[in-house]
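Going by the working numbering, the letters in the sequence shown line up with residues 15 to 273, in that order. Note that the Cβ used here is the ideal one computed from N, Cα and C, for glycine as well. Just below is one structure, and these are the notes that go with it.
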Amino acid sequence: REAFALERAYPHVAFHEDDLPEAHKRHMRARVPSLQFEDVTPHFGAPDWLPDRSAWRGNDRSVGYKNMCRFYGLRVFGVMRDLGIDAFLRVDDDVFFLDRVDYDPFRYLYESGAVYVYGVAHPEQHEMTAVTLQGWGHAYCETLDRRGDEDCWDVTARSFTEMYFNNFFGTRTDFWATDDVLRFQAEVDASSNIYVFRWGDAPIQSAAVRLFARGHVPLPGVEYAHVSTDNLIVRNQVRCLSCVGAAAYLAAKKAKAGG
Numbered sequence: 015r016e017a018f019a020l021e022r023a024y025p026h027v028a029f030h031e032d033d034l035p036e037a038h039k040r041h042m043r044a045r046v047p048s049l050q051f052e053d054v055t056p057h058f059g060a061p062d063w064l065p066d067r068s069a070w071r072g073n074d075r076s077v078g079y080k081n082m083c084r085f086y087g088l089r090v091f092g093v094m095r096d097l098g099i100d101a102f103l104r105v106d107d108d109v110f111f112l113d114r115v116d117y118d119p120f121r122y123l124y125e126s127g128a129v130y131v132y133g134v135a136h137p138e139q140h141e142m143t144a145v146t147l148q149g150w151g152h153a154y155c156e157t158l159d160r161r162g163d164e165d166c167w168d169v170t171a172r173s174f175t176e177m178y179f180n181n182f183f184g185t186r187t188d189f190w191a192t193d194d195v196l197r198f199q200a201e202v203d204a205s206s207n208i209y210v211f212r213w214g215d216a217p218i219q220s221a222a223v224r225l226f227a228r229g230h231v232p233l234p235g236v237e238y239a240h241v242s243t244d245n246l247i248v249r250n251q252v253r254c255l256s257c258v259g260a261a262a263y264l265a266a267k268k269a270k271a272g273g
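Now the structure itself:
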C-alpha cells in the first residue's frame, strides 16, 4: 500500500498453508484491516498422475518447491477467480519495495490495454527448463492456428530470453480463463514436467503470456529487492542485490536526491 498510489482500498489476500498461527493473523490484520487469508493447502500439492521419482531429472529443488511452481504457474488464477477478483498483483513475501510510484498499477493495467504487467524480463537461468520447456513449447505452438502471427521459434524463444520475473507481476484473471490458456495449462500439467524437469512458474507464465496475451507491458518506475534470488530490480532492469546492497542503494539514492 505504501509503494503505490492506490486509488481505493483493494482487498489484500495472504496465501498460506494450514499451519499459520492465529496470533500471526491477528497481528497482520491489525496492520492491514482489508487482509483476507486463503489457505492454499487444497490447491498446493502434486497431481496423482506423476511418474515414479526415478524418472525425475530436475532434482535441484524439493517437491515443495515444485508444488509452489504448479500453484503459481497454473492454479493461482482459478483461486483468484473463485474469490471474485478481476485483477491482482502478486507480491512475494520476500519482495521489498524501495521507492514509491505515483500511479495505481490497476488503473495502469486497464488503461494500457494489457492483460499482464511486470517488473522485469530476464533470461531463464535454469538450463534444463530452458531446453525442455522451449522444445515442448515450440511443439505446442505448432499445433495452434496463429493466423500468420510470430514464428513459433521466435515466440517460444522469447519466453526464455525475456522471461517475466513473477515474484512481482499483475494480471487480469479473465485472460487465464480463456479456452486457449486453460488448454495450455492442462497440457503443461498433464506432461508432469514441473516435477520431472523442474519447470518453474515464471517460464510457464511467460510462455502462456507470449502465446496468447494481447498485451503485456512493464510497470514503469518500480524498484524492489527480491531477497531469495539476490535480485535488485530498478527501471525494469535486474542487478545483483548482494553486489549493490539495498541499504547502500537507498543511501546513494538519498544522497543523489540531496538528502
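Beta carbon of residue i nearer than 8 angstroms to that of residue j
i: L88; j: V27; result: no
i: H152; j: M177; result: no
i: R114; j: A17; result: yes
i: R290; j: V129; result: Because residue 290 is not part of the residues shown, which for the chain are 15 to 273, the question remains open.
i: V169; j: R224; result: yes
i: Y122; j: V131; result: yes
Cα-Cα separation, residue i to residue j
i: H30; j: D53; result: 5 angstroms
i: M142; j: D193; result: 28 angstroms
i: C257; j: G92; result: 38 angstroms
i: Q199; j: G127; result: 23 angstroms
i: D118; j: E21; result: 6 angstroms
i: K270; j: A101; result: 36 angstroms
i: A191; j: D165; result: 25 angstroms
i: W167; j: I218; result: 16 angstroms
i: V195; j: P47; result: 34 angstroms
i: F226; j: G272; result: 46 angstroms
i: P61; j: R45; result: 36 angstroms
i: F189; j: R95; result: 11 angstroms
N-terminal and C-terminal residue of the alpha helix (DSSP H) that residue i is part of
i: Q139; result: Neither: Q139 is in no alpha helix (DSSP H) and is coded neither H nor E.
i: F179; result: Where F179 is concerned, there is no enclosing alpha helix (DSSP H), given that its DSSP letter is neither H nor E.
i: Y120; result: Per the sequence presented here, residue 120 reads as Phe, with Tyr not at that position. First-last of the alpha helix (DSSP H) with F120: 119 to 125.
i: F91; result: 90 to 96
Cross-strand partners of residue i (DSSP beta bridge)
i: I247; result: Y238, V252
i: Y79; result: None, per the DSSP bridge assignment.
i: Q199; result: Paired residues: none, contrary to the question.
i: D53; result: H30
i: A101; result: R186
i: Y130; result: T185, H230
Identity of the residue in the options nearest residue i by Cα
i: L246; options: V46, D33, G133; result: G133
i: V236; options: V105, L112, I99, A60; result: L112
i: A171; options: A221, G59, M82, D244; result: A221
i: R249; options: T243, V231, A262; result: V231
i: L255; options: L264, K268, K267, V241; result: V241
i: G184; options: D106, N207, W150, F110; result: D106
i: T175; options: Y154, L147, D159; result: L147
i: V71; options: A266, H57, Y209; result: Going by the sequence as given, residue 71 is Arg instead of Val. The residue with the shortest Cα to Cα distance from R71 is Y209.
i: D74; options: Q251, E138, F211; result: F211
Terminal residues of the beta strand (DSSP E) in which residue i lies
i: F183; result: 182 to 186
i: P232; result: 230 to 232
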